[in-house]
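Going by the UniProt record's numbering, the sequence shown opens with residue 247, and the numbers climb by one from there.
Just so you know, even glycine gets a beta-carbon here, dropped at the ideal spot from N, CA and C.
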Amino acid sequence: EKGGYDWFMRKEIFEQPKAVADTLLGRYTAAGALQLDELHIGEDELRRIDKIIIVACGSAYYAGLVAKYAIEHWTRVACEVEIASEFRYRDPIIDGSTLVVTISQSGETADTLMAIRHAREQGAKVIAICNTNGATIPRESDAVLYTHAGPEIGVASTKGFLTQVAACYLLGLYLAQVRGTMYDDEIAKVMEELAATPPLIQQVLDSLDAIRELAARLVDTESVLFLGRHVGYPVALEGALKLKEIAYLHAEGFPAGELKHGPIALVDQGVPVFVVVPPQGRDQLHDKVISNIQEVRARGAFTVVVAEAGDPEVGAYADVLFSLPKVSTLLQPLLAAVPLQMFACEVATLKGYDVDQPRNLAKSVTVE
Ligand code: M6R
Numbered sequence: 247e248k249g250g251y252d253w254f255m256r257k258e259i260f261e262q263p264k265a266v267a268d269t270l271l272g273r274y275t276a277a278g279a280l281q282l283d284e285l286h287i288g289e290d291e292l293r294r295i296d297k298i299i300i301v302a303c304g305s306a307y308y309a310g311l312v313a314k315y316a317i318e319h320w321t322r323v324a325c326e327v328e329i330a331s332e333f334r335y336r337d338p339i340i341d342g343s344t345l346v347v348t349i350s351q352s353g354e355t356a357d358t359l360m361a362i363r364h365a366r367e368q369g370a371k372v373i374a375i376c377n378t379n380g381a382t383i384p385r386e387s388d389a390v391l392y393t394h395a396g397p398e399i400g401v402a403s404t405k406g407f408l409t410q411v412a413a414c415y416l417l418g419l420y421l422a423q424v425r426g427t428m429y430d431d432e433i434a435k436v437m438e439e440l441a442a443t444p445p446l447i448q449q450v451l452d453s454l455d456a457i458r459e460l461a462a463r464l465v466d467t468e469s470v471l472f473l474g475r476h477v478g479y480p481v482a483l484e485g486a487l488k489l490k491e492i493a494y495l496h497a498e499g500f501p502a503g504e505l506k507h508g509p510i511a512l513v514d515q516g517v518p519v520f521v522v523v524p525p526q527g528r529d530q531l532h533d534k535v536i537s538n539i540q541e542v543r544a545r546g547a548f549t550v551v552v553a554e555a556g557d558p559e560v561g562a563y564a565d566v567l568f569s570l571p572k573v574s575t576l577l578q579p580l581l582a583a584v585p586l587q588m589f590a591c592e593v594a595t596l597k598g599y600d601v602d603q604p605r606n607l608a609k610s611v612t613v614e
């Protein structure tokens with residue numbers, strides 16, 4: 247059932263173009279307007295929302311962190327993202343105008359379930375983004391937007407994560423449409439770009455030949471750092487989590503701008519540092535991240551750079567470079583996460599570990 251692959255995880259990494267396409271399918275019109283009738287939450291109700299809180303665990307939480315950038319930018323509604331197991335223990339401020347969005351691949355994660363129960367008791371509306379039909383979390387939510395990734399067997403989430411980001415984007419655009427915070431043509435333009443990502447994910451998959459060699463080179467390393475900025479920051483966190491989970495390798499993700507506030511002290515001769523570089527654009531993010539690469543390199547780091555193809559500034563500072571097709575900043579996580587997933591899969595394979603069933607972990611965590 248692994249379809250010729252050695253691991254479900256690898257198979258699921260390769261299924262991502264289809265998983266994202268299937269998640270978008272039927273949810274927008276030919277004119278690029280969002281159609282999420284399945285939500286069953288009235289438009290008036292969505293207009294009354296004055297705060298969004300995303301609650302989730304693990305990779306789903308990182309998908310939520312990515313979504314925050316897009317949702318706030320598109321809807322101008324304040325959006326918090328919180329680890330589900332922390333949420334109800336801090337007396338969060340919730341009322342009838344709070345929209346809680348929960349993200350869960352399995353739909354059975356106990357921490358997440360407890361968080362939404364708490365949110366509903368306080369009067370919040372809960373929308374679940376979930377990959378498992380009829381699971382407990384969607385059943386206990388007011389509405390559900392399913393990701394259509396198909397079954398995810400590998401304990402390390404891959405297509406689950408990518409489809410969660412895609413579904414959050416659909417929800418963000420839908421809210422912007424209902425609340426009138428974007429013009430129809432702006433929504434259509436983003437939707438068109440989002441709908442065009444599956445073949446680009448495929449292009450990334452087709453360009454990963456160098457990953458195995460990189461994994462062989464770094465297999466005995468003790469620690470790996472991941473840096474990113476803006477939506478690249480949660481991608482860095484996700485890359486680090488994959489390595490911890492399946493390769494049992496110490497890995498940390500940081501916002502690149504935090505380097506000089508502490509983490510750069512970890513950088514020494516030969517320490518591998520992965521850097522997700524934002525697309526070249528009008529803002530200064532790109533140039534700032536380039537400076538961060540120079541800073542770590544000057545201290546001896548071995549730099550693995552994930553950047554837009556044709557970016558003229560990265561080549562000089564990258565020991566290894568992975569190029570991504572050009573997309574706008576908000577959509578880059580759908581591409582940038584892929585080499586990081588594959589890297590973890592290769593390192594774990596080389597170490598001889600069971601990639602699909604890593605030690606101490608369960609696919610769905612049904613106890614708090
Ligand atoms: O099923 P869920 O999406 O609720 O699971 C949440 C986390 O347990 C999950 O994402 C976990 O972090 C994965 N093993 C990450 O690869």
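Per DSSP, residue i forms a beta bridge with which residues?
{"i": "tyrosine 392", "result": "Cys376"}
{"i": "isoleucine 298", "result": "Cys325 and Leu345"}
{"i": "threonine 549", "result": "Val519"}
{"i": "serine 469", "result": "His496"}
{"i": "glycine 474", "result": "Pro501"}
{"i": "glutamate 261", "result": "Note: glutamate 261 sits in no beta bridge, so no partner."}
{"i": "leucine 280", "result": "Tyr274"}
{"i": "lysine 314", "result": "Note: lysine 314 sits in no beta bridge, so no partner."}
{"i": "lysine 371", "result": "Leu345"}
{"i": "glutamate 554", "result": "Leu570"}
{"i": "serine 350", "result": "Cys376"}
CB-CB under 7 Å to residue i, same chain, minus the five flanking residues each way: which ones, in chain order?
{"i": "glutamine 281", "result": "Arg273, Tyr274 and Thr275"}
{"i": "proline 384", "result": "Gly353, Ala374, Cys376 and Val390"}
{"i": "arginine 458", "result": "Glu592"}
{"i": "glycine 249", "result": "Lys257"}
Give the straight-line distance between the Cα atoms of residue i and residue j, rounded to the nearest whole angstrom.
{"i": "leucine 495", "j": "serine 387", "result": "36 Å"}
{"i": "proline 558", "j": "lysine 435", "result": "27 Å"}
{"i": "isoleucine 287", "j": "phenylalanine 589", "result": "40 Å"}
{"i": "isoleucine 510", "j": "isoleucine 536", "result": "15 Å"}
{"i": "threonine 348", "j": "asparagine 538", "result": "34 Å"}
{"i": "valine 542", "j": "asparagine 379", "result": "45 Å"}
{"i": "aspartate 565", "j": "valine 450", "result": "19 Å"}
{"i": "glutamate 554", "j": "glutamine 540", "result": "17 Å"}
{"i": "valine 523", "j": "proline 604", "result": "30 Å"}
{"i": "alanine 361", "j": "valine 301", "result": "7 Å"}
{"i": "valine 481", "j": "glycine 516", "result": "22 Å"}
{"i": "valine 560", "j": "proline 585", "result": "17 Å"}
{"i": "alanine 306", "j": "glutamate 432", "result": "27 Å"}
{"i": "aspartate 466", "j": "threonine 321", "result": "45 Å"}
{"i": "leucine 596", "j": "lysine 488", "result": "15 Å"}
{"i": "arginine 294", "j": "histidine 319", "result": "18 Å"}
{"i": "residue 691", "j": "tyrosine 599", "result": "Outside the displayed span of the chain (247 to 614) sits residue 691, for which this structure offers no information."}
{"i": "alanine 442", "j": "lysine 264", "result": "12 Å"}
{"i": "asparagine 606", "j": "glutamate 614", "result": "15 Å"}
For residue i, which option in the options has the closest C-alpha, if you only look at C-alpha atoms?
{"i": "leucine 440", "options": "Leu454, Leu417, Thr321 and Thr427", "result": "Leu417"}
{"i": "glutamine 423", "options": "Arg256, Val323 and Tyr479", "result": "Val323"}
{"i": "isoleucine 299", "options": "Leu292, Ile317 and Cys325", "result": "Cys325"}
{"i": "residue 628", "options": "Gln603, Ile259 and Val266", "result": "The structure shown does not extend to residue 628, since the chain is modelled only from 247 through 614, so no value can be given for it."}
{"i": "glutamate 284", "options": "Ala413, Gly478, Ser305 and Ser343", "result": "Ala413"}
{"i": "threonine 344", "options": "Thr321, Gln368, Ile329 and Gln351", "result": "Gln368"}
{"i": "alanine 502", "options": "Asp430, Leu483, Gly426 and Ala316", "result": "Leu483"}
{"i": "alanine 462", "options": "Met437, Ala493 and Ala279", "result": "Ala493"}
{"i": "serine 556", "options": "Ala547, Ala381, Phe548 and Phe568", "result": "A small correction: the amino acid at residue 556 is glycine; serine does not occupy that position in the sequence shown. Closest option to glycine 556, Cα to Cα, is Phe568."}
{"i": "glutamine 526", "options": "Arg334, Lys572 and Leu596", "result": "Lys572"}
{"i": "phenylalanine 254", "options": "Glu332, Gln578 and Gly396", "result": "Gly396"}
{"i": "aspartate 452", "options": "Asp252, Ala442, Lys248 and Ile259", "result": "Ile259"}
{"i": "lysine 490", "options": "Ile317, Ala279, Lys264 and Gln587", "result": "Gln587"}
{"i": "glutamate 438", "options": "Ser610, Leu271 and Gly250", "result": "Leu271"}
{"i": "lysine 297", "options": "Glu247, Ser350 and Leu421", "result": "Leu421"}
{"i": "residue 627", "options": "Tyr251, Gly278 and Lys248", "result": "The structure shown does not extend to residue 627, since the chain spans only 247 to 614, so no value can be given for it."}
{"i": "glutamate 398", "options": "Asp252, Gly250 and Arg256", "result": "Arg256"}
Tell me whether residue i sits in a helix, a strand or coil according to DSSP, three-state version.
{"i": "alanine 564", "result": "coil"}
{"i": "lysine 572", "result": "coil"}
{"i": "lysine 490", "result": "helix"}
{"i": "arginine 605", "result": "coil"}
{"i": "valine 513", "result": "coil"}
{"i": "methionine 428", "result": "coil"}
{"i": "tyrosine 251", "result": "coil"}
{"i": "threonine 355", "result": "coil"}
{"i": "arginine 463", "result": "helix"}
Keeping to the same chain, check which residues put their C-beta closer than 6 Å to that of residue i; ignore five residues upstream and five downstream.
{"i": "alanine 365", "result": "Ile340, Val346 and Val372"}
{"i": "arginine 545", "result": "Val513"}
{"i": "glutamine 262", "result": "Lys405, Leu408 and Ile447"}
{"i": "valine 521", "result": "Leu473, Ile539 and Val551"}
{"i": "valine 327", "result": "Ile300, Gly310, Leu311 and Lys314"}
{"i": "proline 518", "result": "Leu464, Thr467, Val470 and Phe548"}
{"i": "lysine 609", "result": "Val401"}
{"i": "histidine 532", "result": "Pro524 and Gln526"}
{"i": "glycine 342", "result": "Gly369"}
Against chain D, with Cβ distances strictly below 8 Å, would residue i count as a contact?
{"i": "aspartate 341", "result": "No chain D appears in this structure, which consists of one protein chain only."}
Give every residue of the same chain whose Cβ lies closer than 8 Å to the Cβ of residue i, excluding the five residues on either side of it in the sequence, and list them in chain order.
{"i": "serine 403", "result": "Gly304, Ser305, Ala306 and Gln351"}
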